[in-house]
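Residue numbering for the sequence shown follows my numbering, beginning at 415 and increasing consecutively.
Okay, so here's the structure we're looking at.
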Amino acid sequence: MSAREVSFTTLLRRAGASEPARAERLIREIEEVSGVTLEDPAHAVSYLADPDAGLLQLLRLAESARDASLSAEFAALSSSPGGMRLGVLLGGSLALGDFLIRHPEMLRDFLDWDSAASFTRMDFRARLLEAVGADPSDAAPVATLGGREGVAAMRVAYRRALTRIAAEDLFEHVPATIFPAVAAALADLAGAALEAGLAIARADDPEHAATRLAVIAMGKCGARELNYVSDVDVIYVAEPAEGVSDDVSLRVATRLAIAAAKACGGMGVEPALWEVDPNLRPEGRDGPLVRNLASHQAYYERWAQTWEFQALLKARPVAGDPEVGAAYVERLHPMVWKAVEREGFVESAQAMRRRVEEHVPAAESGRQIKLGPGGLRDVEFTIQLLQLVHGRADESLRVRGTLDALGELRAAGYVGRPQAAAMDRSYRQLRVWEHRLQLRKLTRTHLMPDSDQDRRILARASGFATVEYMEEVWTDIRRDVRAMHLEMFYRPILPVVARLSEDEARLDDAAAKERLAAVGFVDPAGAYRHIQSLTEGTSRSASIRRQLLPAMIGWFAQGADPDAGLLAFRQLSEQMGDQQWFLKLLRDSGTAAQRLARLLSTSRYVARALLASSEGVTWLDRDEDLVPRSYERMWTEADAILRRSNDPEQAATAMRGLRRRELARVASADALGLINASDAAEAVSHAADMLIEGALRIARHNVATARGLEELPIRFAVIAMGRYGGLEMSYASDADVQFVWDGQAPDGQAIAVQMAQEIRSILQRVGPQPPLEIDADLRPEGRNGPLARSLESCSTYYGRWSDPWEAQALLRAQPVAGDQGLRDAFVAMIDEVRYPAELPDGALRQMRTLKARMEAERLPRGVDPRRHLKLGPGGLSDVEWCVQLQQLRHGRAHAELRTTRTLEALAACADLGLIGRGDAAKLREAWVLATDLRGAMALRGAARDTDVLPADIRELGVLAEILGTQMSGAELDERFTRASRRARAVTERVFFGWEVGRT
């Protein structure tokens, strides 16, 4: 064996030959048969998808050319552009190689190859009609070659044109770029074959002139995106010629349709092209093969199912009488865009896709290019559903082709640019793989190969350097397509838009105003002006809002104040400008748009919060993002802010912003019914804890710096009081606190007061983020006492001079910031005061006197006491004083009572028998309802004083809506009146002493 032979074999192996020794023998035989020495054959072989099969086919073709006395033509191909394409074709398609071997005269097409004369410029109809001797210019061409001879001639002409398409396709360096042109040409070639088949049928039927038959292509052929091998779905429609009865016309048309289909798909000398499938026709296989226009129209108007309109989306006349075909489309195509108004249209389409997936064998699911998850059907169903839902109002979407429709959806904003680009890229690649697999043997297949050899051939045919890289791309495409399909195909907004009328979906002037008034907008003309402002123009943002608003109008109307909601949405949209994430989220999310509409039309507080910072909109997509953050999580973020920042002012602003963000999160969850008012109050209180702890750290730094100290010589703590201490703050609450210090420094008191003042300044000063007002009036001696006290001074004061009400106030005291040791010492000190061994003499009488005076003097002037949620009869104060009395009396003996939270203490009172369970239930009902109403009023954001229940029935209805109840305003008012009356009766017995003997 010579060195040259070893080298050549190695080159062939590197070029891709699986059996390089055999490949070398084939090359020598080709040279011997053709009389041509091939120049650098190893390099030429490297371009072939299957070098081994391609060389064998080339040898067989050389022998066929020799036998047909075409050796000179074959030899001339070795140095021509057509010869290069012929080689690539033979390596990519065994079936078309066999066709050329049967018809070696077709080699002349490659010899005369004109690169400028692409298949895209070929008139397939004329070529195939001329092949059967018909005149392409005739309105109803009739073949001069009929019967088997005509069918064979037509099929040869078809495959001759197919060979040209495939040769250019396989030679293309980036096949995805040429795919749309290839698919369109295949559809046009199929239409030409049907036209030629009709011409043959006419030649064999003397009555053909009695009917005007049109062939309507459906599916991929109708959309001009056909595969190399695919059933061609058709519908037949016929009208009688002048003077001919409809019965005769349909009988003749049926014969012609059957004969034309047989010419394309029946047995013959030349293999069949593909099957003609007429089963998409009305009534399917049970219906007549051919109908007239009126019959088609009547069927679709009365009996057609949802999927049949989806199929009509692709309908296109491809053969036969052009006027009848055009009339068919004109009559039926408008019905496609009204089908979405059918009950359950979207759900039906979604169910159909699931059924298709369920019928894919499990063993094939991971290899299915067409039907499996992440395959072609995911792309096609997604695009078609978006077309059908939105195309009713947007005529730009009324196109047949998948990629054309995707482009229109992208341009109009129904699909995001990145998603559209990814889907376009993925669809093209899936179709390229499908084409390459089908080309090999011209068989109908949609499965990725499972053998190593077949995968290698597919990778080479579709432009991949390695099988591994192709499979990686295959995995990525399936994952990405599936994710996009699930996101877009199951968009919650689709069934909502589908249920709207055509006028509602279009937002036309008169119809829109009428709908706005009907659904509850007080000022429909003003609301329509907002809609016009939001949707006018050709920008992408305006286009997306045109998709959203028909559905959002209904969602606004479900809220308490639709007009305010729409106005807030306009303000938010204008504030967001062209930030695409905002509208993309609303369009694609399963919940965001509906939740945003509800929040904006329900809660002015949340609306203002979202206008202050649009970050909150992103939470609406996931329940997890609306869950109130724990104190630990908030403090971790605050601590990071403090560690990173060297600017105290900047750090304080950032932490105030963090609290604002959390209040917006909590309020959003509260308004959406994801949490209750008690949970919301606790979360609001923890946000204050975080901010005060951070302010304390900044204050220590500032005070130490101002005094020229590295570290302050005192310990310092902040004690929450009142509703803050009880974790019952509302969104607009002040923080009731005490400031306590401890240490031996001579100037400790001055330092502590300076610290307290600095904390208040940090939290209350005017700035870009909302303040937290600090109220220290519950400290010893109130406003007359020092702002901060030492632990020793506090102990002395509470031990000697404090009033009973101050011990009662300490029941809510809870350290929230500062030195942990000092916090623990303060709690230990006040436990002796707030949980005494027994109530001091006169304490109960003083408490009752104070309570009565508060009810008489502290109620705002002019307010009906029965409507005051806090101080009125049966209000929060009644419940809390009942509970606190029991805590003062029995807290020393029962640890369960030692809590700052009202409901926990109330439950403990019931468990210990200190308050009867029936009475406790009445107190709990009143307290929870009053708390819920205060929270609802804070969310509503319409009242200055959230302690006074409005008397207006409509406003009470709004509060009922916020609370998520099914009650009317009057029913809510009645419920509060009943609950507060019962709680007052319990208070008069339990607190004011009508229940003698209970100690």
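Where is the CB? At the ideal position from N, CA and C, for every residue including glycine.
Residue i (DSSP reduced to helix, strand or coil)
i: Gln782; result: strand
i: Ser1204; result: strand
i: Arg1129; result: strand
i: Gln1152; result: strand
i: Met1089; result: Before going on, a small fix: residue 1089 reads as Ile here, not Met. Reduced to three states, the DSSP call for Ile1089 is coil.
i: Asp454; result: coil
i: Val1372; result: helix
i: Leu861; result: strand
i: Ile1188; result: strand
i: Arg705; result: strand
i: His1308; result: coil
i: Asp691; result: strand
i: His622; result: helix
i: Ser416; result: Only weak support exists for where Ser416 lies, its pLDDT of 47 falling under 50; the value from the coordinates is given anyway. Note: Ser416 maps to coil in three-state DSSP.
Proximity winner among the options, relative to residue i (alpha-carbon distances)
i: Ala763; options: Phe903, Asp1325, Arg626 and Leu484; result: Phe903
i: Pro964; options: Glu822, Ser987, Glu1402 and Ala1007; result: Ala1007
i: Pro976; options: Leu930, Ser1003 and Arg960; result: Leu930
i: Glu1029; options: Ala926, Tyr1045 and Leu1072; result: Leu1072
i: Asp1150; options: Pro1160, Asp1156, Ala1159 and Tyr1138; result: Tyr1138
i: Gly468; options: Ala490, Ala482, Thr451 and Gly497; result: Gly497
i: Ala733; options: Asp1245, Asp602 and Val754; result: Asp602
i: Leu491; options: Ile444, Phe513, Leu521 and Leu1285; result: Leu521
i: Ala545; options: Thr558, Thr534 and Ala554; result: Thr558
i: Ala581; options: Val1117, Gly501 and Phe513; result: Gly501
i: Ser460; options: Val450, Ser478 and Pro434; result: Pro434
i: Asp528; options: Ser494, Glu1187, Phe513 and Val629; result: Ser494
i: Asp691; options: Leu703, Thr577 and Ala1078; result: Leu703
Anticipated Cβ contact below 8 Å, residue i with residue j, distance rounded
i: Val570; j: His517; result: 6 Å
i: Glu519; j: Leu542; result: At roughly 17 Å, the Cβ-Cβ gap does not stay under 8 Å, so Glu519 and Leu542 are not in contact.
i: Trp1049; j: Glu1107; result: 7 Å
i: Leu687; j: Arg616; result: Not quite, the Cβ-Cβ distance comes to about 19 Å (not below 8 Å), so this is no contact.
i: Pro465; j: Ala509; result: The pair is not a contact, with the Cβ atoms about 18 Å apart (cut-off 8 Å).
Separation of residue j from residue i, as counted between CA atoms
i: Gly682; j: Lys676; result: 9 Å
i: Leu505; j: Ala567; result: Per the sequence presented here, residue 505 reads as Gly, with Leu not at that position. Distance between the alpha carbons of Gly505 and Ala567: 26 Å.
i: Gly786; j: Pro906; result: 23 Å
i: His710; j: Val651; result: 8 Å
i: Leu856; j: Glu885; result: 23 Å
i: Arg1058; j: Ala912; result: 51 Å
i: Val1400; j: Thr1391; result: 14 Å
i: Leu1010; j: Val1098; result: 21 Å
i: Gln1234; j: Ala1221; result: 23 Å
i: Val658; j: Thr625; result: 8 Å
i: Ile1244; j: Asp1002; result: 55 Å
i: Leu799; j: Ala604; result: 27 Å
i: Arg480; j: Ala637; result: 43 Å
i: Ala1094; j: Trp1295; result: 23 Å
i: Ala417; j: Thr424; result: In this prediction, Ala417 scores a pLDDT of 44, lower than 50, which makes its location untrustworthy; the coordinate-derived value is nonetheless stated afterwards. Cα to Cα, Ala417 sits roughly 11 Å from Thr424.
i: Lys1284; j: Met1268; result: 11 Å
i: Asp890; j: Ala879; result: 17 Å
i: Glu1187; j: Lys1336; result: 34 Å
Start and end residues, beta strand (DSSP E) containing residue i
i: Val651; result: Val646 to Pro654
i: Ile630; result: Thr625 to Ala631
i: Pro1229; result: Gln1228 to Gly1232
Limits of the unbroken alpha helix (DSSP H) element including residue i
i: Leu997; result: Gln994 to Asp1002
i: Arg1396; result: Gly1383 to Val1404
i: Val732; result: Val732 -> not in any alpha helix (DSSP H); beta strand (DSSP E) instead, spanning Arg730 to Gly734.
i: Pro589; result: Pro589 to Ala617
i: His899; result: Val881 to Phe903
i: Ala978; result: Pro976 to Met990
i: Pro434; result: Pro434 to Ser448
i: Leu872; result: Asp866 to Ala875
i: Glu771; result: Phe759 to Glu772
i: Met1143; result: Taken as a continuous stretch (DSSP letters only), Met1143 belongs to no alpha helix (DSSP H), as it is neither H nor E.
Short CB-CB distance (under 8 Å) between residue i and chain C
i: Gly633; result: Looking at the structure shown, chain C is missing, and only one protein chain is on hand.
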